[in-house]
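In what follows, a single structure is set out as structure tokens and then discussed.
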Amino acid sequence: MSTPADSAPPRDTEPLRPQRPGDQDCCGSGCDRCVWIVYEEQLDAWEAHQRRRSSAEHAPKQI
Numbered sequence: 001m002s003t004p005a006d007s008a009p010p011r012d013t014e015p016l017r018p019q020r021p022g023d024q025d026c027c028g029s030g031c032d033r034c035v036w037i038v039y040e041e042q043l044d045a046w047e048a049h050q051r052r053r054s055s056a057e058h059a060p061k062q063i
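With UniProt numbering applied, the sequence shown covers 1 to 63.
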């Protein structure tokens with residue numbers, strides 16, 4: 001029998017870059033949570049993660 005922990009992805013899995021919405025995904029009515037706003041927030045978070053990962057990889061190793 002599997003448990004939820006068994007099906008969870010490994011913690012060291014690299015997050016995927018958010019997928020850009022298509023032009024048809026926006027209704028153009030100025031929604032508070034427009035698909036473009038959500039995409040930009042997700043992209044900002046993904047880019048910040050990439051910067052942290054890159055900094056950690058280039059940081060001096062402590063023995």
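Built from N, CA and C at the ideal position, the CB exists for glycine as well. Bear in mind the structure is a predicted one, so any value in this text is a computation, not a measurement.
Residue i - DSSP class collapsed to helix/strand/coil
| i | result |
| --- | --- |
| ASP32 | coil |
| ARG17 | coil |
| ALA59 | coil |
Rounded straight-line distance, which links the Cα of residue j to that of residue i
| i | j | result |
| --- | --- | --- |
| LYS61 | SER29 | 51 Å |
| GLY22 | SER55 | 32 Å |
| GLU14 | GLU41 | 18 Å |
| TRP36 | GLN50 | 21 Å |
| PRO18 | CYS31 | 20 Å |
| ARG53 | ASP25 | 31 Å |
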